[in-house]
Amino acid sequence: QVQLVESGGGLVEAGGSLRLSCAASGRTFSSYFMGWFRQAPGKEREFVSTISWRGGSTRYADSVKGRFTISRDNAKNTVYLQMSSLKSEDTAVYYCAAGTDGGSWGYWGQGTQVTVSS
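In terms of this note's numbering, the sequence shown is residues 8 to 125.
In structure tokens, the structure reads:
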């Protein structure tokens, strides 16, 4: 079992930055792919970014490429999402997820709200 708790969301002006954190419980954090997803009001949840077990491989949605950076600290059981040059369309609830291979996600956090004012 893995429990995920996101933090770091909030209200920010367009062009600003935020860093989201996702703390995971358990001793096997390094055996999981980690991902960030988001869901805007009235829309389906969408992929944002993923990172492999040791951080050597990352992927990003085209909409955030060049603006967001995913990273992880396996010693702290934490994955991060650094978000810069934020736009109003980045407004959403951001979810952290854990999976064994990056293709399916068995564990989800409760989400953290990010609101970007224009």
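Every residue, glycine too, gets a C-beta built ideally from N, C-alpha and C.
Please report whether the beta-carbon of residue i lies at a distance below 7 Å from any beta-carbon of chain D.
i	result
S37	In the displayed structure, chain D is absent; only one protein chain is listed.
Can you tell me the Cβ-Cβ gap for residue i and residue j, rounded? I've got them flagged as a contact below 8 Å.
i	j	result
F40	T107	7 Å
Y87	R79	7 Å
W60	S37	6 Å
T76	A30	In fact, because the Cβ distance is near 18 Å, the residues do not count as touching under 8 Å.
On the DSSP bridge list, what partners appear for residue i?
i	result
T35	In DSSP, T35 forms no bridge with anything.
V121	G17 and A99
R66	T57
A104	G42 and W115
L11	A31
S78	Y87
L25	M90
Here's the rule I'm using: 16 or more other beta-carbon atoms within 10 Å means buried, otherwise exposed. How should residue i be labelled?
i	result
T65	exposed
E13	buried
D97	buried
A99	buried
S56	buried
G116	buried
Give a yes or no on whether the C-beta atoms belonging to residue i and residue j are separated by under 7 Å.
i	j	result
Y101	V121	yes
Q10	S28	no
A104	G42	yes
S95	V71	no
F44	R52	yes
| At a cut of 8 Å, does the segment 46 to 66 reach the segment 17 to 26 through at least three beta carbon pairs? | no
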